[in-house]
């Protein structure tokens with residue numbers, strides 16, 4: 064992306080943020096009650112759009128106004144947060160949710176009252192601004208942790224440095240929290256697909272065995288529930304390079320959930336699905352039928368506990384798990400009463416994942432949609 | 064390190080592991096009771112060596128023999144684990160603790176008994192073998208998570224790839240779990256010091272601001288309590304390139320503890336201090352006196368809870384915190400009743416850490432030893 068576009072994009076976001084303050088001033092000058100109209104972020108305002116395959120927000124909005132005893136403090140806080148976010152845009156800096164809380168915290172003049180008493184007061188306001196201004200958190204320059212890693216036939220440009228992900232050994236490139244085009248440019252990608260691996264331990268196995276070279280893929284992990292940067296990178300590779308995305312998770316309700324968040328977004332952050340979700344992502348395993356198919360002994364399975372069982376039953380009811388294959392998948396787990404970690408494949412052989420399991424899965428197109 | 068040395072080092076470790084099985088066979092052939100002599104890994108066998116500045120193991124050993132009803136199963140398990148570890152050496156693979164558990168788990172023939180029922184049975188045996196064979200876990204090819212990141216004037220060679228850590232943008236190189244010379248070679252390092260940062264959020268700030276370029280240092284983080292790979296890399300840079308290591312942590316008992324583990328090792332893994340600890344590491348902050356010195360308002364401090372207070376009092380008694388400066392440091396925290404996160408520096412300015420706090424610390428040599 065050309066430098067000019069990047070700058071103008073940042074200008075747009077800054078203008079939106081400044082607009083929040085402007086609307087207050089304009090209203091005050093007209094002796095009107097300053098009011099913000101904020102989309103409602105609650106379960107009641109969330110739908111699963113079957114056609115698009117994503118969880119999305121409805122159209123309900125709520126007014127937040129200054130001359131309302133119940134809303135005045137929150138209104139003031141919203142403006143303070145918008146101001147801090149505008150500062151980030153102007154200085155071209157990124158920061159964390161926590162630092163925004165600290166930045167905007169002070170004691171109100173001639174009082175003992177703090178602008179904010181805890182981060183739990185500032186975080187929701189950042190989400191409010193995201194939905195109101197239709198700007199991703201990343202576009203507001205707010206980062207989360209960066210605990211993702213990538214290797215494979217992919218060249219990124221980060222701060223002007225050309226990062227060739229085929230030349231980073233086993234270790235790989237540490238995926239930043241913000242991978243928006245403003246910060247990270249994808250300059251080359253010759254891979255056939257993305258393999259998004261839940262846990263670092265399998266990613267390490269695949270990286271050590273140079274699986275990406277043999278199968279011409281991009282190996283990506285978030286070391287657990289994938290952080291936003293990892294999801295956004297997968298989404299960009301999917302969208303900009305039309306790469307299929309295969310998700311490899313443990314065989315437990317948590318694994319299904321991770322997959323579903325990658326695929327259609329989450330209920331809590333429904334407004335982000337639009338630019339985070341990958342509705343065509345495939346679940347490549349670990350499937351309930353795999354232990355039998357790959358001859359794993361039952362004693363490497365782990366007994367489902369009550370929490371697992373309840374969670375699996377909840378998943379069975381989700382609209383996005385209504386396909387017959389998915390019902391069978393989840394019911395299969397419940398019927399054996401066992402869950403399996405991918406690590407259990409080591410029972411066969413330390414390299415079973417690389418040399419047998421995934422090659423066969425890919426050859427047989429054995430995945431769920 | 065030349066390829067030959069690497070191979071011969073791996074041979075040595077493999078021989079040690081095979082030796083465990085051999086000693087069993089030899090004893091059996093001589094109609095003797097096969098016995099392993101294992102150093103005792105308990106608090107009673109741990110000392111702080113003031114002269115060397117590290118926590119180290121004493122010389123007590125215990126016998127583990129096969130013809131002893133109470134020890135037979137554990138003996139058999141130890142041999143199984145040694146066998147799996149030897150397999151890793153022969154195939155030149157690395158794996159996780161969890162996979163070793165799965166690899167060695169099976170049902171004993173003609174019985175319903177498992178070799179292992181949980182990973183809590185195999186993990187301690189790996190530690191037993193580490194101390195018995197005097198081989199670091201990394202040398203046994205057992206990895207932990209890799210959640211560390213590095214940037215700065217440092218060139219590593221990983222799997223034959225030359226990784227220049229000045230050319231990896233803001234994201235950086237993902238530090239692998241195993242950074243032994245067998246896997247990672249340091250081919251160039253022109254830095255003046257290592258800055259080991261507890262949290263990713265400060266590391267991101269420093270990386271974004273290219274602090275490493277201005278202060279010619281290596282920026283390293285483990286995103287929390289530093290994982291083994293990060294500690295080993297810092298130690299190697301300290302030892303092989305004589306770089307001072309400065310540790311930047313939050314101002315709380317947990318921060319002091321993280322620093323102390325980096326510096327003199329931990330009680331639980333005392334046998335590793337020898338090759339993990341950095342006795343000359345300095346604590347550069349966040350110090351109890353910093354909030355006053357840098358004019359932070361008290362309302363960004365967090366009230367110490369009972370757990371914090373008890374932990375701080377425990378730390379006061381540790382032999383390695385007996386220096387007057389350290390007693391003042393910890394008592395300073397207790398007397399204000401407040402702890403501070405580094406994130407709170409954002410209260411002054413988003414770049415306060417990079418532009419004011421650390422430059423002044425470095426200029427004034429303001430650190431604790």
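Chains as they are written, first to last, in this note's numbering: chain U, 64 to 432; chain Y, 64 to 432.
Quick reminder that beta carbons are idealized off the backbone N, C-alpha and C, glycines included.
task: Following the continuous beta strand (DSSP E) through residue 219 of chain U, name the residue where it begins and the one where it ends.
output: For this step, residue 219 of chain U is matched to residue 156 along the first chain. Note, residue 219 of chain U: beta strand (DSSP E), 217-221.
message: Under 8 Å, Cβ to Cβ, is there at least one residue of chain Y near residue 125 of chain U?
response: Walking along the first chain from the start, residue 125 of chain U turns up at place 62. False, the Cβ-Cβ gap to chain Y never drops below 8 Å.
Extent of the continuous beta strand (DSSP E) to which residue 342 of chain U belongs: By 1-based counting over the first chain, the position of residue 342 of chain U is 279. From DSSP, residue 342 of chain U is part of no beta strand (DSSP E); its letter is neither H nor E.
message: If I measure Cβ to Cβ from residue 417 of chain U and keep anything under 8 Å in the same chain, skipping five residues before and after, which residues do I get?
response: Residue mapping note: residue 417 of chain U aligns to position 354 of the first chain, counting from 1. So the qualifying residues of the chain are 268, 269, 272, 274.
CB contact below 8 Å: residue 75 of chain U versus chain Y: Residue 75 of chain U sits at position 12 when you count from the first residue of the first chain. Output row for residue 75 of chain U: interface = no.
- request: State buried or exposed for residue 154 of chain Y, treating a residue as buried only when at least 16 other CB atoms are found within 10 Å of its CB.
  value: The count along the second chain starts at 1 and reaches residue 154 of chain Y at position 91. When all chains shown are included, residue 154 of chain Y counts as exposed.
message: What would DSSP say about residue 375 of chain U, mapped onto helix, strand or coil?
response: As a working note, residue 375 of chain U is residue 312 in the first chain. Residue 375 of chain U falls in the helix class under three-state DSSP.
field: CB of residue 101 of chain Y within 8 Å of CB of residue 109 of chain Y, strictly
entry: Reading the second chain from its first residue, position 38 is the one you call residue 101 of chain Y. Reading the second chain from its first residue, position 46 is the one you call residue 109 of chain Y. Not a contact, by the Cβ cut-off of 8 Å.
- request: Answer with buried or exposed for residue 303 of chain U, where buried requires no fewer than 16 other C-beta atoms within 10 angstroms of its C-beta.
  value: In the first chain, counting from the first residue as 1, residue 303 of chain U sits at position 240. Exposed is the call here.
message: Can you find the residues in the same chain that come closer than 7 Å, C-beta to C-beta, to residue 134 of chain U, ignoring five residues on each side of it along the sequence?
response: For this step, residue 134 of chain U is matched to residue 71 along the first chain. Closer than 7 Å at Cβ, skipping near neighbours: 127, 128.
message: Here's the rule: buried if 16 or more other CB atoms are within 10 angstroms of the residue's CB, otherwise exposed. What is residue 250 of chain Y?
response: Taking the first residue of the second chain as position 1, residue 250 of chain Y is located at position 187. Around the Cβ of residue 250 of chain Y, a 10 Å sphere holds fewer than 16 other Cβ atoms; the residue is exposed.
field: Proximal residues, the stretch 281-313 of chain U versus chain Y, C-beta separation under 7 Å
entry: 286
- prompt: What number of angstroms, rounded off, separates the C-alpha of residue 160 of chain Y from the C-alpha of residue 389 of chain Y?
  reply: Within the second chain, numbered from 1, the residue matching residue 160 of chain Y stands at position 97. Within the second chain, numbered from 1, the residue matching residue 389 of chain Y stands at position 326. Rounded to the nearest angstrom, the two C-alpha atoms are 36 Å apart.
- request: Specify whether the stretch 206-214 of chain Y and the stretch 240-255 of chain Y touch according to this definition: at least 3 beta carbon pairs, one from each stretch, less than 8 Å apart.
  value: yes
- prompt: If you measure from the beta carbon of residue 233 of chain Y to each beta carbon in chain U, is any gap under 8 Å?
  reply: For the purposes of this step, residue 233 of chain Y is taken as residue 170 along the second chain, with counting starting at 1. Taking Cβ atoms only, chain U reaches closer than 8 Å to residue 233 of chain Y, which makes this a yes.
- prompt: Considering only C-alpha positions, which residue in the set Y:99, Y:88, Y:86, Y:113 is nearest to residue 342 of chain Y?
  reply: What you label residue 342 of chain Y is simply residue 279 of the second chain in a count that begins at 1. Check the Cα spacing between residue 342 of chain Y and each of Y:99, Y:88, Y:86, Y:113: the tightest is with Y:113.
- prompt: What is the DSSP secondary structure of residue 243 of chain Y, counted as helix, strand or coil?
  reply: Taking the first residue of the second chain as position 1, residue 243 of chain Y is located at position 180. The answer is coil: DSSP assigns residue 243 of chain Y none of H, G, I, E or B.
- request: Output the boundary residues of the beta strand (DSSP E) element that contains residue 237 of chain U.
  value: Position 174 of the first chain holds residue 237 of chain U. It spans 236-238 - the beta strand (DSSP E) in which residue 237 of chain U sits, taken as one unbroken run.
query: When DSSP labels each residue in this structure, what does residue 200 of chain Y get in the three-state scheme?
result: By 1-based counting over the second chain, the position of residue 200 of chain Y is 137. Coil, per DSSP.
- prompt: Closest to residue 414 of chain Y by CA distance: which of Y:106, Y:374, Y:264 is it?
  reply: Within the second chain, numbered from 1, the residue matching residue 414 of chain Y stands at position 351. Among Y:106, Y:374, Y:264, the Cα nearest to that of residue 414 of chain Y is on Y:264.
- request: Determine the extent of the beta strand (DSSP E) in which residue 124 of chain Y is found, giving its start and end residues.
  value: Start at 1 with the first residue of the second chain, and residue 124 of chain Y comes out as number 61. Per DSSP, residue 124 of chain Y belongs to the beta strand (DSSP E) from 124-128.
- prompt: Hey, out of U:363, U:361, U:393, U:362, whose CA is closest to residue 376 of chain U's CA?
  reply: Position 313 of the first chain holds residue 376 of chain U. Of U:363, U:361, U:393, U:362, the residue nearest in Cα terms is U:393.
- request: Give the residues of chain U in contact with residue 263 of chain Y, contact being defined as C-beta atoms less than 8 Å apart.
  value: Counting from 1 along the second chain, the entry for residue 263 of chain Y is found at position 200. Within chain U, the residues near residue 263 of chain Y are 208, 209, 210.
field: Those runs of the alpha helix (DSSP H) which lie wholly inside the stretch 370-428 of chain Y and span at least 4 residues
entry: 387-399, 421-426
message: Between residue 224 of chain U and chain Y, is the shortest Cβ-Cβ distance under 8 Å, so that the two count as touching?
response: The residue given as residue 224 of chain U occupies position 161 in the first chain. It does: the Cβ of residue 224 of chain U has a partner Cβ on chain Y nearer than 8 Å.
- prompt: Below 8 Å between beta carbons: does that hold for residue 260 of chain Y and residue 188 of chain Y?
  reply: Taking the second chain and counting its residues from 1, one reaches residue 260 of chain Y at position 197. Taking the second chain and counting its residues from 1, one reaches residue 188 of chain Y at position 125. The answer is no: Cβ separation not under 8 Å.
Within chain Y, partners of residue 414 of chain U - CB distance below 9 Å: Taking the first residue of the first chain as 1, we reach residue 414 of chain U at position 351. The answer, in chain order, is 154, 156.
- request: Evaluate the contact criterion for the stretch 226-240 of chain U versus the stretch 224-236 of chain Y: three or more CB pairs, one atom per stretch, below 8 Å.
  value: Output reads yes: the stretch 224-236 of chain Y touches the stretch 226-240 of chain U.
Inter-residue spacing [alpha-carbon to alpha-carbon] between residue 152 of chain U and residue 185 of chain U: For the purposes of this step, residue 152 of chain U is identified with residue 89 of the first chain, where counting begins at 1. For the purposes of this step, residue 185 of chain U is identified with residue 122 of the first chain, where counting begins at 1. Distance between the alpha carbons of residue 152 of chain U and residue 185 of chain U is about 18 Å.
field: Cross-strand partners of residue 224 of chain U (DSSP beta bridge)
entry: For this step, residue 224 of chain U is matched to residue 161 along the first chain. Answer by DSSP bridge pairing, in chain order: U:221.
field: 7 Å Cβ shell around residue 91 of chain U - same chain, five flanking residues per side excluded
entry: On the first chain, residue 91 of chain U is found 28 positions in, with the first residue counted as 1. Taken in chain order, the residues that qualify are 97.
- prompt: What is the rounded straight-line gap between the Cα of residue 247 of chain U and the Cα of residue 334 of chain Y?
  reply: Here residue 247 of chain U refers to the residue found at position 184 when the first chain is read from its first residue. Here residue 334 of chain Y refers to the residue found at position 271 when the second chain is read from its first residue. Cα-Cα distance, rounded: 43 Å.
Terminal residues of the beta strand (DSSP E) in which residue 102 of chain Y lies: The count along the second chain starts at 1 and reaches residue 102 of chain Y at position 39. Here the beta strand (DSSP E) through residue 102 of chain Y covers 98-102.
- request: Starting from the Cα of residue 202 of chain Y, find the closest Cα among Y:229, Y:80, Y:409, Y:353 and give me that residue.
  value: Indexing the second chain from 1 puts residue 202 of chain Y at position 139. Nearest C-alpha to residue 202 of chain Y: Y:80.
- request: Report the rounded CA-to-CA distance for residue 226 of chain Y versus residue 339 of chain Y, giving the unit in angstroms.
  value: The count along the second chain starts at 1 and reaches residue 226 of chain Y at position 163. The count along the second chain starts at 1 and reaches residue 339 of chain Y at position 276. Looking at the two C-alpha atoms, the distance is approximately 23 Å.
- request: Verify the CB distance criterion: does residue 376 of chain U have a CB-CB separation below 8 Å to chain Y?
  value: Here residue 376 of chain U refers to the residue found at position 313 of the first chain. So no, residue 376 of chain U is outside the interface.
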